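To start, the structure itself, in structure tokens.
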Amino acid sequence: MAFCSRNSRNIINNLKSKVGLSRLMKPSSDCCYTSCLNNTNRCRFLAPQLRNPDSHSQNKGHFFCFQRFQSTTTEQHFASLPNGEHNQVLDFPGGNVVFSPEMQFLSESPGVYNPCYRVLDDNGQLISNSIFVQVSEEIAVKMYSNMATLQILDTIFYEAQRQGRISFYATTIGEEAINIASAAALTADDIVVPQYREPGVLLWRGFTLQEFANQCFGNKDDYGKGRQMPIHYGSNKHNYFTVSSTIATQIPHAVGAAYSLKMDKRDACAVTYFGDGGTSEGDFHAALNFAAVTESPVIFICRNNGWAISTPTSDQFRSDGIAVRGQAYGVRSIRVDGNDALAMYSAVHTAREMAVHEHRPILIEAVTYRVGHHSTSDDSTKYRPANEIEWWRMERDPVTRFRKWIETNGWWSGEAESQLRSSIQNQLLQAIQIAERAEKPPVKDLFTDVYDNIPWHLREQEKMVRETINRHPKDYPADVPF
Amino acid sequence: MLAIARQRILGQSFQNIRPAVSVLRSYSSAAKQITVREALNSALDEEMSADPKVFLMGEEVGEYQGAYKITKGLLEKYGPERVLDTPITEAGFTGIGVGAAYYGLKPVVEFMTFNFSMQAIDHIINSAAKSNYMSAGQISVPIVFRGPNGAAAGVGAQHSQCYAAWYASCPGLKVLSPYNSEDARGLLKAAIRDPDPVVFLENELLYGESFPVSDEVLDSSFCLPIGKAKIEREGKDVTITAFSKLVGYALKAAEILEKDGIYAEVINLRSIRPLDRSTINASVRKTNRLITVEEGFPQHGVGAEICASVVEESFAYLDAPVERIAGADVPMPYAANLERLAVPQIEDIVRAAKRACYRSVPLAATA
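Protein chains in written order, with the UniProt record's numbering: chain A, 1 to 482; chain B, 1 to 367.
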């Protein structure tokens, strides 16, 4: 009967008269149903047969489980039910399923867009009746300073690449609020597993401008020992895993780290960032699924900035953004205005509480716009209108928006602004000069860290390299220390 | 090996299955015998007991007791937090294992067969193998990837490939392949204790094989060094290198060759990366002839690397060209007669050794 109820009511009524099954259609779980459930193989036979009321086998023993049913009150009960009432339940291994005689497809679109949480309007004024987590003046000013610093850092390094002083760079312009506000809402113990457009999180945690410059120039002070391209920052002491170029691989890594935090009973979570494009990777789906099943304290922050290099979101997916996918995996989610620093802060702060205390993953979709090109290897005016970029850069700048809010609170002034900007500018230019002039990593750093201990053959090769350099010193650059 | 009864892939009973044709060398009656399966299970058990950071992940490792029963009893003993049954996503659980290793735990990730590891190979290479180097030592990845590798019996092309050469070509990984129970115990323990990512290539057909083990091997602190090959049988006329199941074939070939007055030295590689080049070269300098044996595809295989190493370091000592015995250069066929033609047999090793010793041999392959 459970299967029969999926079909039209006409068949049911048809059968009722022919086989006298009406008294079997008791609309609640009963021994009959559970015994049927335990013999699902036999119940599966019922469905096709029931659909064809003239089938011979109706009179055979396939219906034995129903023949055990005793109650005589069901016919009236069934007949008295209003049309479309869902009240037949069967407990499948997947869960208690309420049946419906109406064939209803779940729509591919929710009809209404998933609402986006925001607290500050476009002019940086608090929206009335908004719910948010309070931020102190000190934190707010620090947040703003970091956002402005990130903007200047990006501009100057981008120019440095254009001047040929570094080989590569990728900016975070337009996504400063996501970077800084999310970092501000976390604690230093939370493990950050980034994609590559989140240097602001590292900045918040205390990575200095000099340290950024050292990595971009790949000099001997680079924590990465000159092994990776620019912007592939990583720092153990800041709990920031080294950036890896592969897309979305960091998402399951974060779940693994979160699971480990749970096993260690730490008051901390793992946080991972990725773009709208990264959600197409298989790793995204496996990670969300797994995080829900293992009940891991992890926050997934998707920077939905509209573009994956030249691929717009309309070519990337057809769902209503990313947050709606959370429910499909059993993950609590929220969509936030990524350019509203206060909303981002509040959402991440709350998500962290849930993740750590309830041992659950949270998915945050931060909608924003990638104002800069994908990287210095990209010219985005080739695939999107220049005026669109300009509009987002000027009218929807998250940094300006937040500045207006702190100015309204009397926590910031034009003077503080110009002081900050010129100071950061000077510090950055100096850091770049120092980084550029510093020595490159020593030759031995070619061979270390492949394994925990250097294998004999690499030690031999290093020796051979040194001997060769000794024999032909003029052929080797002066700034590579020996 | 050939006489082992065909086994189903799943649902094997956890039994001490003795091969009809014994491959055991004669030992004193006091020596204990354990199967490779028991060896692996006891190694996992002891390492999990000794270090609370060690945990297992994989499909069917928990409730099902392991697809090949290698992890039998461990869920019951250590609980679901340390023995995780994963959803079906190699890429997913490998990534998650690597993330846990980044944090500092020591996962042992099981692939139902290494053929399925291809769905996770990006995480093994780009997330595990290269991380210590790319992060300049800040992120170490003490993870072990284990599972059956190479051909089984009648499982077809997508379940029979040998991945030793694929993984061994990548710096940052260590690749081990045990043959007998002593190897299985010692190498798995070494792999779990090692701070670098290790690919541990087992063999499904060896799981049920028994081998004698000494008390030292059974001790919980037993460990074999990574990167050292073992000379299973000493000889003076020709060196035969092999790993995993084919070590057994090489030993049998050596017995057959002895009757013809050819004394073969059989080297059990144990470690594919790092390859024990010094042991191999020292042996070749002694015997002057080399046959490499492997189950995998011939091009860019393990034998190719061994041959290059010997040519680089011991060329003057070679009295005959190095010969590679490898699987046929075709995806593994299913039909039993075709499958037998596609993998090296003992007769192939014997004839190759004879060719190296300039004996005349018939050219036809075994029927």
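We put the beta carbon where it would ideally sit given N, CA and C, even for glycine. Model, not experiment: these values are computed from the prediction.
query: Stretch-stretch touch, CB-based, cutoff 8 Å, three pairs: the stretch 368-387 of chain A with the stretch 425-432 of chain A; result: no
query: Residue span of the beta strand (DSSP E) that contains Glu81 (chain B), given as start and end; result: From DSSP, Glu81 (chain B) is part of no beta strand (DSSP E); its letter is neither H nor E.
query: Those residues which DSSP pairs with Ala242 (chain B) across a bridge; result: B:Asn268
query: Chain B contact for Ile191 (chain A) (CB, 8 Å cutoff); result: yes
query: 8 Å Cβ cutoff, Phe45 (chain A) in contact with chain B; result: Reliability of the predicted coordinates at Phe45 (chain A) is poor, the pLDDT of 33 falling under 50, and the value obtained from them is presented with this limitation in mind. It does not: the Cβ of Phe45 (chain A) has no partner Cβ on chain B nearer than 8 Å.
query: Asp122 (chain B): contacting residues in chain A (beta-carbon distance under 9 Å); result: Thr246, Thr249 and Asp283
query: Pro142 (chain B) burial status per 10 Å Cβ neighbour count (16 or more: buried); result: buried
query: Own chain partners of Thr242 (chain A) with C-beta closer than 6 Å, once the 5 adjacent residues on each side are dropped; result: Gly234
query: Chain-order list of residues whose beta-carbon lies under 8 Å from that of Gln425 (chain A) (same chain, five-residue window excluded); result: Ile152 and Ile156
query: Opening and closing residue of the beta strand (DSSP E) in which Ser333 (chain A) lies; result: Arg332 to Asp337
query: For Ala136 (chain B) and Asp479 (chain A), believed in contact at Cβ under 8 Å, the rounded distance; result: Rounded, the Cβ-Cβ distance is 19 Å, inconsistent with contact.
query: Span of the beta strand (DSSP E) around Tyr273 (chain A); result: Ala270 to Gly275
query: Chain-ordered residues of the stretch 91-119 of chain B with a beta carbon less than 9 Å from chain A; result: Ala91, Gly92, Phe93, Thr94, Gly95, Ile96, Gly97, Val98, Gly99, Ala100, Ala101, Tyr102, Tyr103, Gly104, Leu105, Pro107 and Gln119
query: Asn268 (chain B) to Pro230 (chain A) span [Cα, whole Å]; result: 44 Å
query: Contact under 8 Å by Cβ, Ile191 (chain A) with Ala270 (chain A); result: yes
query: Short Cβ contact (8 Å threshold) for Gln250 (chain A) with Pro297 (chain A); result: no
query: DSSP state of Asp51 (chain B) mapped onto helix, strand, coil; result: coil
query: Residue 490 (chain A), buried or exposed, once every other Cβ within 10 Å from all chains shown has been counted against 16; result: Given a span of 1 to 482 for chain A in the structure shown, any question on residue 490 (chain A) remains unanswerable.
query: Within chain B, the residues that Gln228 (chain A) reaches when beta carbons sit closer than 9 Å; result: Met134, Ser135 and Ala136
query: Straight-line Cα distance separating Leu224 (chain B) from Lys286 (chain B); result: 25 Å
query: Per DSSP, cross-strand counterpart(s) of Pro312 (chain A); result: A:Trp307
query: Per-residue burial, Gly104 (chain B) [other beta carbons within 10 Å of its own, 16 or more giving buried]; result: exposed
query: Val57 (chain B) in three-state terms, based on DSSP; result: Here residue 57 (chain B) turns out to be Met, not Val, going by the sequence shown. If DSSP states are grouped into helix, strand and coil, Met57 (chain B) belongs with the strands.
query: Min CB distance Tyr223 (chain A) to chain B below 8 Å; result: yes
query: Identity of the residue in A:Val89, A:Asn96 and A:Tyr158 nearest Ser167 (chain A) by Cα; result: A:Tyr158
query: Amino acids of chain A, ordered along the chain, whose beta-carbon sits closer than 8 Å to that of Glu46 (chain B); result: Under the 8 Å cutoff, chain A gives no residues; its nearest Cβ is about 20 Å from Glu46 (chain B).
query: Cβ shell of Glu63 (chain B) (< 8 Å), same chain only, five flanking positions each side left out; result: Leu75 and Asp85
query: Inter-residue Cα distance where the pair is Ala184 (chain B) and Asp276 (chain B); result: 18 Å
query: Beta-carbon spacing of Gly150 (chain B), Ala336 (chain B) below 8 Å; result: no
query: Under 7 Å from the C-beta of Asp449 (chain A): neighbouring residues of chain B; result: Asn132, Tyr133, Ala136 and Gly137
query: Near-chain B residues of the stretch 452-468 of chain A - C-beta to any C-beta below 7 Å; result: Asp452 and Pro455
query: Sequence-distant residues of its chain with Cβ nearer than 6 Å to Leu187 (chain B) (five each side left out); result: Leu176, Pro178 and Leu224
query: Pair within 8 Å by beta-carbon distance, Ile96 (chain B) and Val331 (chain A); result: no
query: Contact residues within the stretch 61-93 of chain B, judged by C-beta distance below 8 Å to chain A; result: Glu81, Leu84, Thr86, Pro87, Thr89, Ala91, Gly92 and Phe93
query: Beta-carbon contacts of Trp411 (chain A) that lie in its chain and below 7 Å, excluding the five residues immediately before and after; result: Glu137, Ala140 and Val141
query: Rounded separation between Ala100 (chain B) and Val144 (chain B) - CA only; result: 12 Å
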